[in-house]
Amino acid sequence: MIWRFLNNRLPKFQSLLPVYAVIVFMVYTWTIYAFIRFLPYWLRFLNVTEILAIFSYAMLSDCLESLGFIFLLLVSCVILPARFLRNTFAVRGTVMAVCLLGAIIVYMNGYAKNGTPSLLSYILWSLAILAVAFLLSFLAAKIRFVISAVEWLSSNMTIFLYIYIPLTILSLLNVIFRNI
Amino acid sequence: MFKMTRRDLLKWATFSAGTLLSGAQPAGRPLSNHKNNKPNIFILLFDAMSARHLSLYGYSRRTTPNLERFARRAAVYHSHYSGGNFTTPGTSSILSGMYPWSSRAINLGGLIQRDLAGRNLFSLIGNEYYRVAYSQNLWADLLLRQFNADIDYHFPPSAFKDIDTSANLFLGKATSPDSIMTFYAFDQFLPFGGIKPYKWSGSTSIGYIDNFLRSARKTLGTKSVEYPFGLPFNGWYDFDIPTVLAGVSDLIEQLSARNEPVFGYFHLWAPHEPMNPRKEFIGIFPEIKILKKPQHPLSIYTTTSQEYIQLYDRYDSYIAEVDNEFGKLLDKLESAGALENAYFIVTSDHGQLFERGEEYHATPLVYDPIIHIPLLISSPGGMTRQDILTPTSSVDLLPTLLNIVGQPIPRWAEGRLLPGFGGQPDGSRSIFTIEAKDNSAFKPLTEVSISMIKDNLKLIYYKGYQNYNKIFELYDLGNDLEEMHNLYKKDVLTASQLKSELLNALYFADQPFNR
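Keeping their order, the protein sequence lines are chains A and B.
Residue 1 is where the first sequence starts when you use the working numbering, and the numbers rise one by one after that.
Residue 1001 is where the second sequence starts when you use the working numbering, and the numbers rise one by one after that.
So, in structure tokens, the structure goes:
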């Protein structure tokens, strides 16, 4: 019964995969970008093996992070009416992922320049982003051109899974090796 | 997150390896029943404590009455210098007995060269000793993590705190198999928090959550009636000094009761910035006049005299609070008799610099206040004060302690036996401080500041800085402790001799890296 309920509420694997690919792309790419920023600092005193260890831990963290993010979207699917998210998961899920993760990235760039914001601006920013993400994802599924564009984008993003998933597996092996 | 309350501490003491005596012995009597009759050794390090701000060494404000009390039973080193001007080189000099140009612990949050990590006090003192380490400073803790194989119990940085406002999940996993790299990944790269060179988070969601907690901390603040400037903060978590020092004194008391000798290293954050003293220590000192010194070409601030006075006030108040809590620790250990069979050492890893356009110690400068640190050593049952005026270095502790415990002094040790503990004052000896945080640890030192102190003379060498390359400064510390009169071009002969010696020392230090 629960399975049937979930089956009715959760999106199909074919529409789940591209959304997950978008999340993976954004989460992993950000980490790699930040990693490159840190690299000159580490290169002063860490050797290549040690730097690869940091990279491995970061990749595993990204794996958990991306799974956590897709899990939240799936929970939203279960909670919200099917017509809002489940039936258009590939489009709305992608738009939400891009908006939320994109906003965090924009925010972190701002932080790097301007320092820690006040709690109020942080909360307002977060709420505004959530609202924008919901609004855009709602609108996106109404416009045919946007639907096809988003679907094209997300399905092409799956190529990154072929890069990032093996990278994660290698990272996992490295972490296991370092901790046994 | 690992957190040790006093109750946990007692549990740890009861169940940890080795046998404990059934209870504390009467006050004033030695607790130790060590089979091999070796003394305990405890090093208590106060981070960023400049000797120049301690009344113990003649500072005009009475900042350290309790250190003065402790000094009545100790050897007091008046010209003691750190191996570096910030945590990593300063601490590594003490623990490895090597100058930073040899250990290569020169970078912010850097490490001792991996194949040299076995060269440390914990290893050399030997496993006859029960070896305990604790550091509130995460960068110093990284060095301790390098020595984990030689440490019997490594307390995590978050031990001895009751206040928990930080978010870092991995803080405290100091003894996990890959604890050094997990620090760089989870405590430095992925979150926003901690002390790091870039305000950059490697993770979208961890960064966002971490920054939410930091925003909350910033907005809500940790200010209170008791702490008008907010709680002391080590970059990762808030704490209060009484709790930490009470925890450490409990621990030392417990360790003193073991029936095996103990070597303990305790690295406390205070009086490191942010300098947040409690209310009762604010404004306790009379106004002070400070000497206005010229802006240094390498300095980055344009601090006014008034602002420097405010920094002095904060720093001195903070030191007074640290000293007050040290006094409580001293009372407790004295009444428990824990000092009767112990060498008890008080020192620091580096000082602070509030002059010439610099604040604190993130600087290439190596003037006296930033490298001149306290050193006091009380011997078992010692009741007399001994004042040592000859220059000494952080690297001297390793050979001195090895000599005390009867272990051979390795040939690679760069320090000497401290006067008062087998060493003799030697006016011909040179003491070095090395600052090269932006230099590669794997290459010769091309961007470096070096201080060389010989007798009363001090030569400073700046190399590789933009618009300040190959510059020497010479000071006569005996007559000019404030380092106001550069004699480099006036006393040409002396300058030439010292320059030759310094460059020669640098040449040999760089030899292994000239590949």
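The beta carbon of each residue, even a glycine, is placed where N, CA and C say it ideally should be.
The structure displayed is predicted, hence computed values, not measured ones.
- B:Pro1419 is bridged by DSSP to B:Gly1423.
- The beta carbons of B:Ala1075 and B:Gly1406 sit no closer together than 9 Å.
- According to DSSP, residue pairing for B:Met1452 in a beta bridge involves B:Phe1432 and B:Leu1459.
- Against chain B, a Cβ distance below 9 Å from A:Tyr20 picks out nothing, because the smallest value is about 15 Å.
- Between B:Phe1513 and B:Lys1443 a beta carbon distance of about 6 Å is seen, short of the 8 Å cut, so the two are scored as contacting.
- Within chain A, the residues placing a beta-carbon under 7 Å from that of B:Arg1214 are Thr116, ordered along the chain.
- In the structure shown, B:Tyr1312 falls within a helical segment according to DSSP collapsed to helix, strand and coil.
- In the DSSP assignment, B:Asn1040 forms a beta bridge with B:Ala1342.
- Going by beta carbons, B:Lys1293 and B:Arg1385 fall outside the 9 Å limit.
- Residue-level contact check: B:Lys1223 does not touch chain A, since none of the beta carbons of chain A fall below 9 Å from its beta carbon.
- A direct Cα-to-Cα measurement between A:Cys63 and B:Thr1182 gives close to 16 Å.
- Collapsing the DSSP output to three states places B:Asp1141 in a helix.
- Going by beta carbons, B:Leu1339 and B:Pro1277 fall outside the 9 Å limit.
- For B:Asp1491, the secondary structure class from DSSP, reduced to helix, strand or coil, is coil.
- For the stretch 12-38 of chain A, the beta-carbon criterion of a distance under 8 Å to any beta-carbon of chain B is satisfied by Met26, Val27, Trp30, Thr31, Ala34, Phe35, Arg37 and Phe38.
- No Cβ of chain A is located within less than 9 Å of the beta carbon of B:Thr1446.
- Not a single CB atom of chain B sits nearer than 9 Å to the CB of A:Ala90.
- Scanning chain A for C-beta atoms nearer than 9 Å to the C-beta of B:Asn1211 yields Tyr107, Met108, Tyr111, Thr116, Pro117 and Tyr122, reported in chain order.
- The count of Cβ pairs closer than 8 Å, one atom from the stretch 1052-1068 of chain B and one from the stretch 1408-1426 of chain B, stays below three, leaving the stretches out of contact.
- Taking C-beta separations shorter than 7 Å and ignoring five residues to either side along the sequence, the partners of B:Asp1455 in its chain run Gly1427, following chain order.
- The criterion of a C-beta distance shorter than 9 Å is satisfied by B:His1267 and B:Thr1091.
- Within the stretch 1194-1272 of chain B, the runs of alpha helix (DSSP H) that reach at least 4 residues and sit entirely inside it are, in chain order, 1204-1220 and 1241-1256.
- Rounded to the nearest whole angstrom, the CA to CA distance from A:Trp125 to B:Gly1207 is 15 Å.
- Here B:Met1484 is exposed. Its C-beta has fewer than 16 other C-beta atoms within 10 Å.
- At a cut-off of 9 Å between beta carbons, A:Ile169 makes no contact with chain B.
- A:Asn8 and A:Ser148 have their C-alpha atoms roughly 24 Å apart.
- Interface flag for A:Ile70 against chain B is unset, since no Cβ pair is found closer than 9 Å.
- When DSSP states are grouped into helix, strand and coil, B:Leu1333 belongs to the helix group.
- When the five nearest sequence neighbours on each side are left out, the beta carbons in the same chain lying within less than 8 Å of the beta carbon of B:Ile1319 are those of Met1049, His1053, Leu1054, Thr1063, Thr1064 and Pro1271, in order along the chain.
- Residue-level contact by beta carbon holds for B:Ile1106 and chain A, with a gap shorter than 9 Å.
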